[in-house]
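Worksheet for the structure shown next.
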Amino acid sequence: MNFTTEIKNEIISIKRTQKEMLEFLIGLLSAKAVNDLEQNLILKFLNNTFKEETIKILEKLNLKFILDKSSILIYKNQVNFALPMKNLSHFFAGFFFGSGSVANLNQTSYHLQLSSPYENIINEILVKLNSYNLGFSLVKHNNKYVIFVKKREKISEFLMRILAHKSFLRFEEEYIERDFNNSLTRLTNMDICNLEKVAQANVIKNQNYEIALKNKLLSDFSEKEIKAFEILHENLNWSMSMILEELEKNNIKTSKSSLNYWFNKLAKKVELFKKGE
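Okay, so the sequence shown: first residue is 60 according to my numbering, each after it adds one.
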């Protein structure tokens, strides 16, 4: 299995709310769908598993569609492409699922790309991604518009943004191993351990935040605390020091010990909720 398929298997397996599924689907359609003469949306798949997973989403969203051997036709005027989205993680995950690819881990260079048959769509994606300083570039290739990035750290950040946490860890571990083998590493074994610990700890913190947000448990938290949770939610590979720096940019000054206290407070709140207290 190539690395692109691993990533897509991970992001399609994420449990989503109805709204998040719709955001994922809009991303997928923006990347992959073409219109027929009656303006219905047509999705073509080479991977039957991905086709079946897409069908499950359509069924859960109660959308009308028909199938043939390799395609799905979704009847027109069922999807609102102008749906407001506060968090674009699921949209970008859907877009990658539809048209994304990453260089395999055994290759010597880094490359991640996304494409769409529609220039206006890919330009909007390009502007939004580069607002996060991801450094994507645009080319036209084989009647498709392609945006790509070749910097390892930017690819890592994109993987975190689409919630592909396991793939992010695997990508980082492969990078570290490659640099060791080439005698070019700037990381020690301790750095490897710390990187994994930071990523794994942040995933747990973010899960607590998502549970609290979904179940309206944030009323006991201050605006400063919630802002810290939101920053981590958008930047799961950030250390506590990086979150503190971002808080300061938002005129919130605090200490690392206070920040840790906020997240521990959140964890206890979620733990009590799970126990029904």
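Where a beta carbon is used, it is the ideal one built from N, C-alpha and C, also for glycine.
In terms of residues, what are the limits of the beta strand (DSSP E) holding residue i?
i: V198; result: S196 to H200
i: S89; result: Not the beta strand (DSSP E): S89 falls in the alpha helix (DSSP H), residues Q77 to K91.
i: V329; result: Here V329 belongs to no beta strand (DSSP E); instead the alpha helix (DSSP H) covers K315 to K334.
i: V120; result: The residue you asked about is not Val; residue 120 is Leu in the sequence shown. Looking at the DSSP string, L120 is not in any beta strand (DSSP E), and its letter there is neither H nor E.
i: L100; result: L100 to K103
i: K203; result: K203 to V208
i: L173; result: L171 to S175
Here's a check: name, in chain order, each residue in its chain whose Cβ is nearer than 7 Å to the Cβ of residue i, leaving out the five neighbours to either side.
i: A287; result: I302, L306, L318 and W321
i: I73; result: L222
i: I311; result: K283 and K286
i: N201; result: none
i: E97; result: K135
i: M144; result: E82 and F150
So is residue i buried or exposed if we call it buried at 16+ other beta carbons inside 10 Å?
i: V161; result: buried
i: N165; result: exposed
i: N107; result: exposed
i: E284; result: buried
i: K210; result: exposed
i: E231; result: buried
i: Q172; result: buried
i: N323; result: exposed
i: L188; result: buried
CB-CB under 6 Å to residue i, same chain, minus the five flanking residues each way: which ones, in chain order?
i: L246; result: The predicted position of L246 is uncertain, since its pLDDT is 46 and thus under 50; a value taken from the coordinates is nonetheless stated next. Same-chain partners within the cutoff: I235.
i: L197; result: L185 and I206
i: I270; result: V329
i: K91; result: L102, G157 and S158
i: H170; result: A162 and K209
Between residue i and residue j, is the Cβ-Cβ spacing less than 8 Å?
i: L102; j: N94; result: no
i: F62; j: N192; result: no
i: S158; j: Y204; result: no
i: E112; j: I70; result: no
i: K334; j: L291; result: no
i: Q137; j: L147; result: no
i: L117; j: F109; result: no
i: K328; j: L276; result: yes
i: L151; j: K67; result: Note that residue 151 corresponds to Phe in the displayed sequence, not to Leu. The answer is no: Cβ separation not under 8 Å.
i: H149; j: R229; result: no
i: I133; j: I114; result: no
i: L331; j: N267; result: no
i: K213; j: G194; result: yes
i: F154; j: S129; result: no
Taking the alpha helix (DSSP H) that residue i falls in, what are its first and last residues?
i: K67; result: F62 to I71
i: F280; result: Per DSSP, F280 belongs to no alpha helix (DSSP H) and is neither H nor E.
i: S215; result: R211 to R220
i: L185; result: E178 to N189
i: K308; result: M299 to K308
Please go through the same chain and pick out, in chain order, the residues whose beta-carbon is closer than 8 Å to the beta-carbon of residue i, but skip the five residues on each side of it.
i: N296; result: S215, E216, M219, F227, V257, A258 and N261
i: F140; result: I85, L88 and S89
i: L120; result: Q77, M80, L81 and L84
Answer yes or no: the CB of residue i versus the heavy atoms of the ligand SAH, is any distance below 7 Å?
i: N121; result: For the structure depicted, the ligand SAH is absent and the ligand set is empty, with no information on it obtainable.
Original post:
In chain order, which continuous runs of the beta strand (DSSP E) of length 3 or greater are located wholly inside the region 128 to 163?
Top reply: DSSP runs (the beta strand (DSSP E)) wholly in the region 128 to 163: 130 to 133.
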